[in-house]
């Protein structure tokens, strides 16, 4: 085989080195994430989780509980909606400042970009935990936390979407004397509106999940109810709450699809660009936002009073200077490593499971499974996996993997659907078995998309892995939760900075990998 | 004087010299056709006149403005007086025809009017009148991605008709139209410019279309002006020299390449679907 150098595959050496390097990097990460599948089948754990799951049936349907559930659901929806309204108000001016769209000479705005990175880099749950300390228990903390984090995310993605569409129409308008705002409105928005709208709705869906999660730190809503149910090991209540999540997420999904189709309908032959659908959506947004703020009854006046400002100032001052002692840095370093391990292991497990579930011939019965996995937030999964395998990073990895499988499986299925069908068909016609035709014909076409989705998801997961520790799943979150509970703010500050740096580093690594593998 | 270029040069960032030492003047109301082989610098010349590109050498004056000096307010006002027609119309596919036409006046309207027009088109009658002149009045409320390449090109022309600029710069304005429609459209542009005393500079691929309709012909080759003559003085040998290296045949209307509209690639889809 190795006799003739001309016959040797020139790519083989690179592939071998790549595979070895991957193994060398992944092995210690799997160690750090404490992956021990045997824990799943450990007698004691098995008994706990079986008892708990058996308790799921029948789901709790008592009138009193349903009353609480209804109220908590409304509160969750209201927190998500109010938070997203706040985020939107923050994101529009920031995206305008940060984006190169509509500028004749492309300029990057480093100040705004850095601000966006900080807003996005600190997970909403951490903001919520801090705001709960300042404003006390209640939805205000959740709304503000969502507003800040999602404001940063929306601004970044809005800016990128506007940059990615064809710039010629906006440039032409500027050459005829239009200013930048009008050039964007007339030249770029029509191209980007569908993408912007569906991303915003998608974020609203995420905000619902996030507001559920923030209940775990006392910000109200379904999360608080779930937290109580889990602490009492009340499976029936947990089951009803999980079903409610699914209904919420499925409805948001359906709404998003309807909106996308509505944006695709050709306009009617009349001067006004707005029809009954636009009116309906506009009215729903206004009514929903107003109702949300009224329901939550957030005293924004009190939040922005002089006294509140002073207490915020004092509180923030306690975080400085961060504790940079060698001891503490070592523990934080270990937390960083563990968090990284959770995110990598969780994402990889999900990528494998998601791909299997997305494979064409299996798809139909599995799409429901994927949606179910996706509709339950990672943190809620973590409370369940912690019962199944015990507290620690493995529970975190599993929780991340379960939720991410739902997300990636769906995206993979779409990518495989959109991959050019001709190469696979040609192979099948030439007599190749279906599986091989898939590997040789379909997969190569879809691979760049699959890799991009996986890496983007890893960027999301590193943020999530950082907070899974709040329910005992290891990593930086666990450190932060302890230190904040003990009012060790200088130590907590170090952890938050570490989270921020880690998320920035992962963003960079992911961008580099996308370039290298794309 | 409508515009005057004094020894204008344009060197792109990658070192490519698109224009070298161009001197060209036009009086208000003149109608000039630019002809020359592809890659000669016709589009670059129009871009400099349209203030889209700043010359890297020499002096460009347009409508009394010294272009090399760019002050924002006066500069915007200048740009509002220039109308550009592009070979590939820069109009978003999802925009409605009426909005695309009204966008011609964004540089002239106050901001509140432009914003209000997004909610309800301010001047439907004006847009319809402009579209009627290019035979597209029935498409007033259609969306631009429902139009053919030729129809979209005529929407771009209607936008400039609606803008009523003092200087019309047309870059291959009829490349997507069949010969009969191309001739009618070129005549429409000339008639519009004539009626308003506006200056018209059009680059044309088809030599017969240029010589048959324009009074002044400027031949461009290799980033320089090869000749600048009244149409009556342009001779066949002169044209053959201009197009030497293009296969010996002069480009006329029957050889117009068909216009292909291209879908805008959307890289944001991946990102948005995932995060």
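Residue numbers (the numbering used here), protein chains in the order written: chain A, 1 to 518; chain B, 1 to 275.
Positions of the beta carbon are idealized from the N, C-alpha and C atoms, including for glycine.
Straight-line measurement puts the Cα of residue 507 of chain A at about 10 Å from the Cα of residue 514 of chain A. For the pair residue 138 of chain B and residue 94 of chain B, the CB atoms are not nearer than the 8 Å cut-off. With a cutoff of 8 Å on beta-carbon distance, residue 136 of chain B and residue 122 of chain B are scored as not near each other. By the neighbour-count definition (other C-beta atoms within 10 Å, threshold 16), residue 31 of chain A is an exposed residue. For residue 230 of chain B, the uninterrupted beta strand (DSSP E) run begins and ends at 224-230, by DSSP. Cβ-Cβ separation between residue 170 of chain B and residue 35 of chain B: approximately 13 Å, too far for a contact (criterion under 8 Å).
The contact set of residue 86 of chain B on chain A, defined by CB atoms closer than 9 Å, consists of 168, 172 in chain order. For residue 267 of chain A, the residues of chain B that pass the 9 Å Cβ criterion are 96, 141, 142, 143, in the order they occur in the chain. Shown here for residue 161 of chain B: same chain residues with a beta carbon closer than 7 Å to its own, the five before and five after excluded, namely 130, 133, 192 in chain order. About 17 Å separates the Cβ atoms of residue 39 of chain B and residue 9 of chain B, ruling out a contact at the 8 Å cut-off. Burial of residue 182 of chain B is indicated by the presence of at least 16 other C-beta atoms within 10 angstroms of its C-beta.
Three or more pairs of CB atoms, one per stretch, sit closer than 8 Å, so the segment 194-212 of chain B contacts the segment 22-34 of chain B.
With at least 16 other beta carbons inside 10 angstroms of its own, residue 470 of chain A counts as buried. Taking the C-beta atoms as reference points, residue 239 of chain B is found nearer than 8 Å to residue 250 of chain B. In this structure, the alpha-carbon of residue 321 of chain A lies about 16 Å from that of residue 327 of chain A. Counting along the chain, the unbroken alpha helix (DSSP H) around residue 206 of chain A starts and ends at 189-214.
Rounded to whole angstroms, the separation of the alpha carbons of residue 114 of chain B and residue 19 of chain B is 36 Å.
Cβ-Cβ distances below 7 Å link residue 376 of chain A to 242, 245, 403 in the same chain, with the five nearest sequence neighbours on each side left out; the list follows chain order. Interface residue (Cβ-Cβ distance to chain B less than 8 Å): residue 420 of chain A is not classified as such. A straight line joining the alpha-carbon of residue 436 of chain A with that of residue 114 of chain A spans about 47 Å. Sequence-distant partners of residue 354 of chain A (beyond 5 residues in either direction) whose C-beta falls short of 6 Å from its own C-beta, in its chain, are 405, 408, 409, 412.
It is roughly 27 Å from the alpha-carbon of residue 189 of chain B to the alpha-carbon of residue 55 of chain B. A straight line joining the alpha-carbon of residue 387 of chain A with that of residue 463 of chain A spans about 23 Å.
Taking C-beta atoms as the reference points, residue 83 of chain B and residue 165 of chain B count as a pair closer than 8 Å.
At least 8 Å separates the CB of residue 103 of chain A from every CB of chain B.
One alpha carbon belongs to residue 47 of chain A, the other to residue 389 of chain A, and they sit about 11 Å apart. Secondary-structure assignment with DSSP links residue 73 of chain B through no beta bridge to anything. Counting C-beta pairs with one atom in each stretch, the segment 92-104 of chain A and the segment 215-234 of chain A have fewer than three that are closer than 8 Å, which means they do not touch. Note that the C-beta distance between residue 289 of chain A and residue 85 of chain A is below 8 Å. Around residue 455 of chain A, the same chain offers 510, 513, 514 as residues with beta carbons nearer than 6 Å, after the five sequence neighbours per side are excluded. Within 10 angstroms of the beta-carbon of residue 478 of chain A lie 16 or more other beta-carbons, which makes it buried. A residue is called buried once 16 or more other Cβ atoms fall within 10 Å of its Cβ, and residue 86 of chain B is buried on that count. Here DSSP, grouped into helix, strand and coil, assigns residue 368 of chain A to helix. For residue 49 of chain A, the enclosing alpha helix (DSSP H) begins and ends at 43-55.
For residue 412 of chain A, not one C-beta of chain B is nearer than 8 Å to its own C-beta. The C-alpha of residue 15 of chain A is placed about 18 Å away from the C-alpha of residue 443 of chain A.
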